[in-house]
Amino acid sequence: MAPPMATDASPAPDMSNEHSGADLKATDAQTSPPPETRESIWLRRAAIFSFWAVVVFLGLPVWWTTTAIYRAELPLQDMTDWAEGKVCKPVFPLRIAVEAPVSVQDALVRLTQHAIDDLNDFSAHHLRLMPAESPYTANVSQEVIIDGTSIRSDDKDTALVIRMIQVETGETPRSHLQPYSPTLDVYYSATQLPAQSANSSPLASFIAQELRAVFSEEQAQLAYVLAAQPNTQAARSASLSPEKHAELDRQSTRVLKYAPTYHLTFSLFSPSYTPSAWNIDAALRTYLTPLLESFSGISNFTVDTQVQLYATFSPSIHPPEYDETSKAWTLRKEDLSGFVNAAEWPLSPSIGEGPTVNFIVYVPDPSQSPLLVKESAANSWLVPQWGGVHILNLPSGSSPDALTIDDLAPAMHTFSDQLTSLFGLSQVPVSLPLRISTLKRVRAASLIFSASSTLNALAQVYQKMPSIPVPDNVAQSVDSTVKHLHQACDYLRDGRFQNALDHARVAEVEAEKAFFERSMVGQVYFPDEHKVAVYLPLLGPVAVPLLMAALKELKGAIASLRGR
């Protein structure tokens, strides 16, 4: 058998791969876009640039203009200076007119002034004596120079008049302060008058001591007000004892916050159907109207009255208990704060223009009369910064349908005392006009400091919160506040305390008006995070394509530059 023939073992060439590569190249050549021309590249870039130009040069200015917050310019430095006490150093020069015989008037005024200056340790509060027209000097023109100002003796701003009265009997010297007139009567004998050339006088020293006693309470109140303010070295020089400071602290906790207008509400409450009427109008005219007229230079008042029958006790208090010792029904002291049934008694705290001061007359049921406070046996009490309550215990067994003026007299006297306490009127000296003039000076100083503090708070808000709008009326109110503060301070220096109080009241109102501007208060509660939450959903879809297109073109431009 012949052997098989030998074959060539080398593989034949695969022509299919060559055909596949050619096909891929042909396909890529068919699907690849043609190269961009220079004109198309610049056209695309111009389109992208036009979008950015519209955004930068038109969109952003329009957005900035339409959403910009208007902020009026405020005198921040002046506002801060007022709050720091750098502008006004309150002083209280009180003019004291002296009525004395012409022959000794000048010498008595000079010696008494020296004695007062030696006793005074409160530089912000100083008494300035001057001659006054009197029966002794009726035809003499009285004019003196006080702190560079020409003052006549019949000046309406005279704080006190000293009447020198010569007597032949009784202890001398002695004094008497008129309760309803700013007049201090000083009784002396002829031998106590000082000589023109004298350097001292027991009579002058006595008058100086009496004046110091009369105005000691006023000095304490002014020192208390000034001590709480910055840069008040004058107040620190008049140190208050811890006891006096604590007493003034207690008074300040019950005094109402100052307001130009107060609304007084007098209410009659009874647990039964009687009494159903009261002669309150006549009682108010007789007992309270003169007092309110005396306060008219400080604040204005509106009055309202109401009667509520079947007024029950508040369920939160312990019912009255009968005390065999005092033969009376008693309320516990801890229950007085809940005596007023605020849930059912119609007492609204927002009646009228200003704060409401409530005065309640409660007539207990005859079966629970008399009704007293257990610990003190009192039938009235004061509610700090709110008003007062008087339990009117009628004679045993009586239940009249209407209360007369005589029936209401005890309640009216109580309300008068409570009203003076709520307004911060001191209990000394005995002269009511002097105490009211003291309150004017204290109120004027307090309002100046309060308005200055409000300006400082507004300045801090303005600087720390640049996103809140400040309209022009805020700037106008600030300018008005600063103007009236300057005038109030000037009038204080001149001793024109009523004018100082009037301007201080306006300054306080304008400062509060500026600080509580509606548009500003609303923006305080709109932080920047809220703005981001509003703008991001609107600007995001527009900004992303523009940014990506700009980045792509920038990357292509850089690659082109590197390839050259």
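Each residue of the sequence shown is one higher than the one before, counting from 1 in the UniProt record's numbering. Where a beta carbon is used, it is the ideal one built from N, C-alpha and C, also for glycine.
| message | Just to confirm, is the Cβ distance from proline 364 to asparagine 393 under 8 angstroms? | response | Residue mapping note: residue 364 aligns to position 364 of the sequence shown, counting from 1. Residue mapping note: residue 393 aligns to position 393 of the sequence shown, counting from 1. Taking 8 angstroms as the Cβ cut-off, proline 364 and asparagine 393 qualify as a contacting pair.
| message | Are the CB atoms of methionine 79 and leucine 458 within a distance shorter than 8 angstroms? | response | If you number the sequence shown from 1, residue 458 lands on position 458. If you number the sequence shown from 1, residue 79 lands on position 79. Yes. Within cutoff.
| said: One question on the structure: do isoleucine 96 and arginine 128 come within less than 8 angstroms of each other, judged by their Cβ atoms? | reply: As a first step, residue 96 is located in the sequence shown; it is residue number 96 there, counting from the start. As a first step, residue 128 is located in the sequence shown; it is residue number 128 there, counting from the start. In this structure, arginine 128 lies closer than 8 angstroms to isoleucine 96 by Cβ.
| task | Taking valine 91 and leucine 492 to be in contact with their CB atoms under 8 angstroms, please state how far apart those CB atoms are, rounded to whole angstroms. | result | For this step, residue 91 is matched to residue 91 along the sequence shown. For this step, residue 492 is matched to residue 492 along the sequence shown. With a contact defined as Cβ atoms closer than 8 angstroms, valine 91 and leucine 492 qualify at about 6 angstroms.
| Does the distance from the CB of leucine 222 to the CB of serine 276 come in under 8 angstroms? | The residue labelled residue 222 in the question sits at position 222 within the sequence shown. The residue labelled residue 276 in the question sits at position 276 within the sequence shown. No, the Cβ-Cβ distance between leucine 222 and serine 276 is not below 8 angstroms.
| Mind pulling the alpha helix (DSSP H) runs of 4 or more residues that sit fully within the stretch 46-103? | The stretch 46-103 contains these whole alpha helix (DSSP H) runs: 60-67, 76-83.
| message | Does glycine 170 pass the burial test, meaning 16 or more other C-beta atoms within 10 Å, or should it be called exposed? | response | As a position in the sequence shown, residue 170 is number 170, starting the count at 1. Burial call: exposed.
| request: Whole angstroms is fine: what's the gap from valine 214's alpha carbon to phenylalanine 497's? | output: By one-based count along the sequence shown, residue 214 stands at place 214. By one-based count along the sequence shown, residue 497 stands at place 497. Annotation: valine 214 to phenylalanine 497 spans about 18 angstroms, alpha carbon to alpha carbon.
| query | In this structure, does DSSP put tyrosine 273 in helix, strand or coil? | reply | Walking along the sequence shown from the start, residue 273 turns up at place 273. Tyrosine 273: coil per DSSP, three-state reduction.
| field | Beta-bridge pairing of arginine 174 - partner residues as DSSP gives them | value | Mapped onto the sequence shown, residue 174 falls at position 174. Paired residues: Tyr187.
| field | Host beta strand (DSSP E) of threonine 356 (start-end) | value | Taking the sequence shown and counting its residues from 1, the one referred to as residue 356 is at position 356. Secondary structure note for threonine 356: its beta strand (DSSP E) is the uninterrupted segment 356-362.
| Is the number of C-beta pairs between the stretch 459-473 and the stretch 439-450 that are closer than 8 angstroms three or more? | The answer is no - the stretch 439-450 does not touch the stretch 459-473, with fewer than three Cβ pairs under 8 angstroms.
| So, leucine 119 versus alanine 246, is the Cβ gap smaller than 8 angstroms? | Numbered from 1 along the sequence shown, position 119 holds the residue referred to as residue 119. Numbered from 1 along the sequence shown, position 246 holds the residue referred to as residue 246. In this structure, alanine 246 does not lie closer than 8 angstroms to leucine 119 by Cβ.
| message | To the nearest angstrom, how far is the alpha carbon of aspartate 281 from that of threonine 414? | response | Translated into the one-based positions of the sequence shown, residue 281 becomes position 281. Translated into the one-based positions of the sequence shown, residue 414 becomes position 414. Computed Cα separation, rounded: 17 angstroms.
| Which listed residue (Lys440, Asp494, Ser480) has its alpha carbon closest to that of glutamate 508 | For the purposes of this step, residue 508 is taken as the residue at position 508 of the sequence shown. Comparing Cα positions, the closest option is Ser480.
| field | Cα-Cα separation, alanine 195 to serine 296 | value | Translated into positions along the sequence shown, residue 195 becomes position 195. Translated into positions along the sequence shown, residue 296 becomes position 296. The alpha-carbon atoms of alanine 195 and serine 296 are separated by roughly 44 angstroms.
| query | Helix, strand or coil: which one does DSSP assign to methionine 548? | reply | Numbered from its first residue, the sequence shown carries residue 548 at position 548. DSSP places methionine 548 in helix when its eight states are reduced to three.
| Distance CB(leucine 203)-CB(glutamine 192) smaller than 8 angstroms | Residue 203 sits at position 203 when you count from the first residue of the sequence shown. Residue 192 sits at position 192 when you count from the first residue of the sequence shown. Yes; because the gap between Cβ atoms is below 8 angstroms, this pair is in contact.
| message | Are the CB atoms of proline 471 and alanine 68 within a distance shorter than 8 angstroms? | response | As a working note, residue 68 is residue 68 in the sequence shown. As a working note, residue 471 is residue 471 in the sequence shown. Cβ atoms of alanine 68 and proline 471: not closer than 8 angstroms.
| task | Assign threonine 404 to one of two classes, buried (16 or more other C-beta atoms within 10 Å of its C-beta) or exposed (fewer than that). | result | If you number the sequence shown from 1, residue 404 lands on position 404. Sixteen is the threshold: since fewer than 16 other Cβ atoms of the shown chains lie within 10 Å of the Cβ of threonine 404, the residue is exposed.
| leucine 347 by DSSP, collapsed to three states: which one? | Taking the first residue of the sequence shown as 1, we reach residue 347 at position 347. Shown here, leucine 347 sits in coil according to DSSP, grouped into three states, outside any helix or strand.
| request: Helix, strand or coil for methionine 164, going by three-state DSSP, please let me know. | output: Mapped onto the sequence shown, residue 164 falls at position 164. In this structure, methionine 164 counts as strand in the three-state DSSP scheme.
| message | Using only the alpha-carbon positions, how far apart do leucine 434 and glycine 338 sit? | response | Position 434 of the sequence shown, counting from 1, holds the residue named residue 434. Position 338 of the sequence shown, counting from 1, holds the residue named residue 338. Leucine 434 and glycine 338: Cα-Cα distance of roughly 37 angstroms.
| Close-in-space but distant-in-sequence residues of the same chain around glutamate 517 (CB under 6 angstroms, 5 per side omitted) | For the purposes of this step, residue 517 is identified with residue 517 of the sequence shown, where counting begins at 1. Closer than 6 angstroms at the Cβ level, and outside the excluded window around glutamate 517, lie Val474.
| field | glutamine 306 - DSSP class collapsed to helix/strand/coil | value | Residue 306 sits at position 306 when you count from the first residue of the sequence shown. In this structure, DSSP gives glutamine 306 an extended state, which the three-state scheme calls strand.
| task | Indicate whether alanine 511 and alanine 444 have their beta-carbon atoms separated by less than 8 angstroms. | result | Here residue 511 refers to the residue found at position 511 when the sequence shown is read from its first residue. Here residue 444 refers to the residue found at position 444 when the sequence shown is read from its first residue. At a Cβ-Cβ threshold of 8 angstroms, alanine 511 and alanine 444 do not count as neighbours.
| message | Measuring alpha carbon to alpha carbon, tell me which residue in Phe301, Leu256, Val307 is nearest aspartate 401. | response | As a working note, residue 401 is residue 401 in the sequence shown. The shortest C-alpha separation from aspartate 401 is found at Val307.
| query | Distance, Cα to Cα, serine 560 vs phenylalanine 49? | reply | If you number the sequence shown from 1, residue 560 lands on position 560. If you number the sequence shown from 1, residue 49 lands on position 49. One C-alpha to the other measures close to 19 angstroms.
| query | What are the start and end residues of the alpha helix (DSSP H) that includes isoleucine 448? | reply | As a working mapping, residue 448 is identified with position 448 in the sequence shown. The continuous alpha helix (DSSP H) containing isoleucine 448 extends over residues 432-464.
| For arginine 441, does the count of other Cβ atoms within 10 angstroms reach 16, so buried, or fall short, so exposed? | Here residue 441 corresponds to residue number 441 of the sequence shown, with the count starting at 1. Around the beta carbon of arginine 441, 16 or more other beta carbons lie within 10 angstroms, which makes this residue buried.
| query | Run through DSSP, which three-state label would methionine 495 get? | reply | Indexing the sequence shown from 1 puts residue 495 at position 495. First, the amino acid is wrong: residue 495 is glycine here, not methionine. In the structure shown, glycine 495 adopts coil according to DSSP, grouped into three states.
| task | Under 7 angstroms Cβ to Cβ from leucine 111, same chain only, skipping five residues before and after it: list those, please. | result | Taking the sequence shown and counting its residues from 1, one reaches residue 111 at position 111. Taken in chain order, the residues that qualify are Pro194, Ala198, Ser200, Ser201, Ala204.
| query | Near valine 104, what residues of its chain come up, given a Cβ to Cβ distance below 6 angstroms and the 5 sequence neighbours on each side ignored? | reply | Position 104 of the sequence shown, counted from the first residue, corresponds to residue 104. Excluding positions up to five away in sequence, the list reads Leu193.
| task | State the Cα-Cα distance for the pair glycine 424 and serine 123, rounded to the nearest angstrom. | result | Reading the sequence shown from its first residue, position 424 is the one you call residue 424. Reading the sequence shown from its first residue, position 123 is the one you call residue 123. So the two alpha carbons sit approximately 24 angstroms from each other.
| query | Taking just the CA atoms, how far does histidine 318 sit from aspartate 81? | reply | Taking the first residue of the sequence shown as position 1, residue 81 is located at position 81. Taking the first residue of the sequence shown as position 1, residue 318 is located at position 318. Roughly 54 angstroms separates the two Cα atoms.
| For tryptophan 381, the residue or residues it bridges with in DSSP | Walking along the sequence shown from the start, residue 381 turns up at place 381. In the DSSP assignment, tryptophan 381 forms a beta bridge with Val389.
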